[in-house]
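When the letters of the sequence shown are read in order and numbered with our numbering, they come out as residues 314 to 528. Heads up, the beta-carbon is just placed ideally off N, CA and C, and yes, glycines get one too.
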Amino acid sequence: MKLLCPSIMCANLDHIKDEIELLDQAGADIFHLDIMDGNFVPNITLGLSDVRAVRRNTKKMIDVHLMIENPMNKVQWFIDAGADIIYIHPESERFVIKTLQYIKEQGKHPGIAISPDWSMEMCSELLPFCDYVLVMTVNPGFAGQKYIDTMTLKVKKLVEVKDHYGYRLLIDGGCSLEVIQSLSKIGVDGFVLGTSVLFNKDEDYRTILNRLKED
Ligand code: DX5
Ligand code: ZN
314 MKLLCPSIMC
324 ANLDHIKDEI
334 ELLDQAGADI
344 FHLDIMDGNF
354 VPNITLGLSD
364 VRAVRRNTKK
374 MIDVHLMIEN
384 PMNKVQWFID
394 AGADIIYIHP
404 ESERFVIKTL
414 QYIKEQGKHP
424 GIAISPDWSM
434 EMCSELLPFC
444 DYVLVMTVNP
454 GFAGQKYIDT
464 MTLKVKKLVE
474 VKDHYGYRLL
484 IDGGCSLEVI
494 QSLSKIGVDG
504 FVLGTSVLFN
514 KDEDYRTILN
524 RLKED
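The structure is reproduced here in structure tokens:
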């Protein structure tokens with residue numbers, strides 16, 4: 314069973330309520346919200362009001378992928394807005410373990426997002442504190458980029474120790490049908506779905522999600 318996580322910044326935000334309801338009914342598992350501050354990454358996307366809007370329209374899990382400097386100071390804002398899973402980038406925070414512990418203490422799921430520049434070994438101290446690990450297979454900041462092939466080796470290493478640490482492993486960036494099929498076979502748990510496979514397509518969400526679940 315794959316976890317399918319639509320990337321809400323790629324949805325039609327003119328109609329966010331309709332989009333969330335359609336994706337929910339079509340079988341989405343986790344709503345993925347990219348939060349960018351224009352400093353950590355060269356873009357600004359969704360914010361707290363968007364998290365609240367998604368929360369009002371689904372009972373399913375919401376994750377926030379924090380691409381912001383010093384996330385520790387702001388984690389509580391996102392918990393209050395309704396996030397269930399909070400991903401932080403280790404390179405954005407001085408005290409990463411402390412932040413992950415804080416998220417857990419608040420009854421939410423801590424996760425790390427691993428940028429293409431970061432090896433698995435650079436994150437090994439953090440893995441015991443993660444419920445979720447998100448491997449970024451594009452450079453953070455923008456939708457519509459191509460999957461970086463050399464990331465697959467890191468993904469394989471993280472699959473090998475996944476059960477030992479007890480986290481779920483997900484992939485973010487350039488997740489096409491082919492990428493999802495091949496990484497799912499080697500044990501990846503879930504995928505962020507953006508422009509590569511889900512949005513701005515001729516088929517409806519249900520048809521696409523059903524196909525992804527089958528393969
Ligand atoms: C970055 C984003 C993007 C994007 C995923 O954190 O999550 O990677 O929306 O969708 P693609 O890469 O398929 O446009
Ligand atoms: Zn993301």
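Is Cys-443 near Gly-424, with beta carbons less than 8 angstroms apart? Working through the sequence shown from its first residue, we reach residue 443 at position 130. Working through the sequence shown from its first residue, we reach residue 424 at position 111. A contact, by the Cβ cut-off of 8 angstroms.
Looking at the structure shown, is Asp-376 part of a helix, part of a strand, or coil, going by DSSP? Taking the first residue of the sequence shown as 1, we reach residue 376 at position 63. Of the three classes helix, strand and coil, the one that applies to Asp-376 here is strand, per DSSP.
In this structure, what does DSSP give as the bridge partners for Ile-349? Here residue 349 corresponds to residue number 36 of the sequence shown, with the count starting at 1. Note on identity: in this sequence residue 349 is Met, with Ile being the wrong assignment. BP columns for Met-349 point to Met-380.
Which residues count as close to the ligand ZN when the rule is a CB under 5 angstroms from any of its heavy atoms, in chain order? Asp-347, His-378 and Asp-485
Do the CB positions of Val-468 and Val-501 come within less than 8 angstroms of each other? Translated into positions along the sequence shown, residue 468 becomes position 155. Translated into positions along the sequence shown, residue 501 becomes position 188. It is a contact, given that the beta carbons lie within the stated cut-off.
May I ask which residues mark the beginning and end of the beta strand (DSSP E) holding Ile-499? Walking along the sequence shown from the start, residue 499 turns up at place 186. Per DSSP, Ile-499 is not a residue of any beta strand (DSSP E), being assigned neither H nor E.
C-beta contact flag for Leu-379 and Ile-399 at 8 angstroms: On the sequence shown, residue 379 is found 66 positions in, with the first residue counted as 1. On the sequence shown, residue 399 is found 86 positions in, with the first residue counted as 1. Their beta carbons are under 8 angstroms apart, which means Leu-379 touches Ile-399 by this criterion.
Segment contact flag, the region 456 to 472 with the region 482 to 499, C-beta cutoff 8 angstroms, min 3 pairs: Look at the beta carbons and you see the region 456 to 472 touching the region 482 to 499: at least three pairs across the two are nearer than 8 angstroms.
My guess is that Ala-394 and Lys-421 are in contact by the Cβ rule of under 8 angstroms, so how many angstroms apart are they, rounded? Taking the sequence shown and counting its residues from 1, one reaches residue 394 at position 81. Taking the sequence shown and counting its residues from 1, one reaches residue 421 at position 108. Wrong, their Cβ atoms sit about 11 angstroms apart, outside the cutoff.
Could you spell out the range, first to last residue, of the alpha helix (DSSP H) harbouring Arg-369? Against the sequence shown, residue 369 aligns to sequence position 56. That run of the alpha helix (DSSP H) goes 361 to 370.
Could you pull the DSSP bridge partners for Met-385 from this structure? Taking the sequence shown and counting its residues from 1, the one referred to as residue 385 is at position 72. In the DSSP secondary-structure assignment, Met-385 is not bridged to any residue.
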